[in-house]
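Using the working numbering, the letters of the sequence shown map in sequence onto residues 13 to 407.
Down below is the structure, laid out as structure tokens.
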Amino acid sequence: MPAAFLPTRSAGLEQLRAALPRLGDYARDRGFDRPDVPTTSRLSPYLQRRLVTEEEVVAAIGVALPWPRAEKFVQEVAWRTYWKGSLEHQPAAWLRYRDALAALRLAPPAGYAEAMAGQTGIEGFDEWARQLVETGWLHNHARMWFASIWIFTLRLPWELGADFFLRHLLDGDAASNTLSWRWVAGLHTPGKTYLARAANIALHTDGRFSPRGLATEAVALTEPPLPRAATPWIEPPRAPASGPVGLWIHPGDLCAEQVSLGEPAPTAVFAAWPESLAGAEGWSEAVTAFGQGALADGAGRAAEALGAPLEVTRGSDLGTAAGIWAQTRGLRTVVALRPATGPWTEVGRTIERALAGVGVTLAWRQRAWDTRLYPHASRGFFPFWTAAKAVIQPG
Ligand SMILES: Cc1cc2nc3c(=O)[nH]c(=O)nc-3n(C[C@H](O)[C@H](O)[C@H](O)COP(=O)(O)OP(=O)(O)OC[C@H]3O[C@@H](n4cnc5c(N)ncnc54)[C@H](O)[C@@H]3O)c2cc1C
């Protein structure tokens, strides 16, 4: 079983330092799921919340390895940005998933509880279900096999499988998760599915698992076309903000101190854990503890860098809490890194409305990484990668 993840930036940087030596063989080893011998970086819980950023990881491997040996790993990091950018272009994929999930939760199909409990009798699948719940992490290949067996062998709705992942993955990410499940199901690239095969599983688990009775074909799921694509939000040119300015920190980006937030600098920092959202999403205790710890870590660093007082709270009405904080501090503007499409989008809107209600403007900021890369994610990964490489190739 993978070692536990600690929800701090220093633990993430330590994970990166420890991973670099093995990433020289990443292209060869990354397909193998060896729970006790890492073959990948296991940085995803840190990258997902930006306790460590994509830019830092790409820069570090660029120093450690020549480009031909670093490229495969950098390409995988780019997948993360590609999925996020894709969902910015097509937020309807997220909304459709949420609607379907709400209906399915009311009447879950037979076999759903057994699949989550790891009681299907399918070798490998049952162990991955338990590993997910016990550790909050699965290897990429295990996620692909699991999703494929869920959809094509067990014939369960993909939305319930994606939800099972989001409840338990420490790196649970609206874009990577929803769009990867859609990709396995044949919805992201219409008609192109992923079929889990026993021989491939046996090879890449060093013979630990060789499941019998898997589906032998993966007929793509179908759906009505998604609505016309949206244009991703890109930060407009900045005007100086009306001061005093505060900073709202959320778990979508926990290295705010690295980003130029504009003038005047924030004089107060606010971070809030949304208990009602956590309850509605059904995040496991481990996901909640990781999220709360990471939020406290990121908010603490931002406050320290700014020399500003910090208020960390938790509750069900974050809008009201943010409004009271802004009024108490006498703020005119609150700046925040705009959350990517996902559960935090709605929290962002709630806070924006509540602040507007007390006469405070919420000014969204965006990392240059996202500004430069999201516009390229309107089609498939490979056109994205061609454009992205020119932006992010280290050195
Ligand atoms: C069905 C399914 C669901 C998934 N759900 C999530 C999710 O909720 N959150 C999440 O972060 N990843 C998700 N992934 C992508 C991928 O499995 C994980 O990012 C990866 O396994 C994390 O392990 P690692 O950090 O050791 O990755 P490494 O192989 O070391 O890669 C380095 C980093 O690159 C990014 N990355 C690598 N592969 C992918 C990929 N295929 N897609 C997107 N980013 C990638 C991750 O940020 C990762 O930390 C999912 C994949 C599948 C097939």
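For every residue, glycine included, the Cβ atom is placed at its ideal position computed from N, Cα and C.
- Per the coordinates, the alpha-carbon of residue 287 lies some 6 Å from the alpha-carbon of residue 326.
- The stretch 21 to 61 contains no complete beta strand (DSSP E) run of 3 or more residues.
- At a Cβ-Cβ threshold of 8 Å, residue 47 and residue 137 do not count as neighbours.
- Residue 231 sits in coil when the DSSP states are folded into three classes, being neither helix nor strand.
- The closest heavy atom of ligand 1 lies less than 7 Å from the beta carbon of residue 155.
- Spatial neighbours of residue 140 in its own chain (CB-CB distance under 7 Å, excluding positions within 5 residues in sequence) are listed in chain order as 150, 154, 158.
- Cβ neighbours of residue 205 within its own chain (closer than 6 Å, five residues either side excluded): 198, 230, 232.
- DSSP lists 260, 323 as the beta-bridge partner residues of residue 282.
- Under the three-state reduction of DSSP output, residue 306 falls in the helix class.
- When 196, 144, 297, 405 are compared, the shortest CA-CA separation from residue 156 is found for 196.
- Residue 161 and residue 208 have their C-alpha atoms some 7 Å from each other.
- Around residue 298, the same chain offers 148 as residues with beta carbons nearer than 6 Å, after the five sequence neighbours per side are excluded.
- Remark: the shortest separation between the CB of residue 151 and any heavy atom of ligand 1 falls under 7 Å.
- Non-local C-beta neighbours of residue 345 in its own chain, meaning closer than 6 Å and more than five positions away in sequence, comprise 253, 254, 257, 373, 375, ordered along the chain.
- Under the DSSP definition of a beta bridge, residue 376 partners with 348.
- Taking the Cα of residue 61 as reference, the smallest distance to any Cα among 77, 309, 272, 114 is reached at 309.
- Residue 291 counts as exposed, since fewer than 16 other C-beta atoms from the protein chains shown sit within 10 angstroms of its C-beta.
- Using a Cβ distance threshold of 8 Å, residue 242 and residue 101 count as a contacting pair.
- Between residue 314 and residue 321, the CB-CB gap reaches or exceeds 8 Å.
- Here residue 213 carries a helix assignment [DSSP, helix/strand/coil].
- Close CB contacts of residue 366 within its chain, under the 7 Å cut and outside five residues either way in sequence, are with 331, 332, 334, 335 (chain order).
- DSSP, reduced to helix, strand and coil, places residue 142 within a helical segment of the structure shown.
- In this structure, the beta-carbon distance from residue 106 to residue 99 falls below 8 Å.
- Measuring C-alpha to C-alpha distances from residue 276 to each of 347, 264, 401, 189 identifies 347 as the nearest.
- A direct Cα-Cα distance of roughly 16 Å separates residue 71 from residue 58.
- Counting along the chain, residue 167 sits inside no alpha helix (DSSP H), nor does DSSP assign it H or E at all.
- The Cβ atoms of residue 360 and residue 350 sit closer than 8 Å to each other.
- Closest option to residue 27, judged by alpha-carbon separation, among 303, 53, 251: 53.
- Non-local beta-carbon contacts of residue 183 in its own chain, meaning distances under 6 Å to residues more than five positions away in sequence, involve 56, 57, 60 in chain order.
- Relative to ligand 1, even the nearest heavy atom lies 7 Å or more away from the CB of residue 131.
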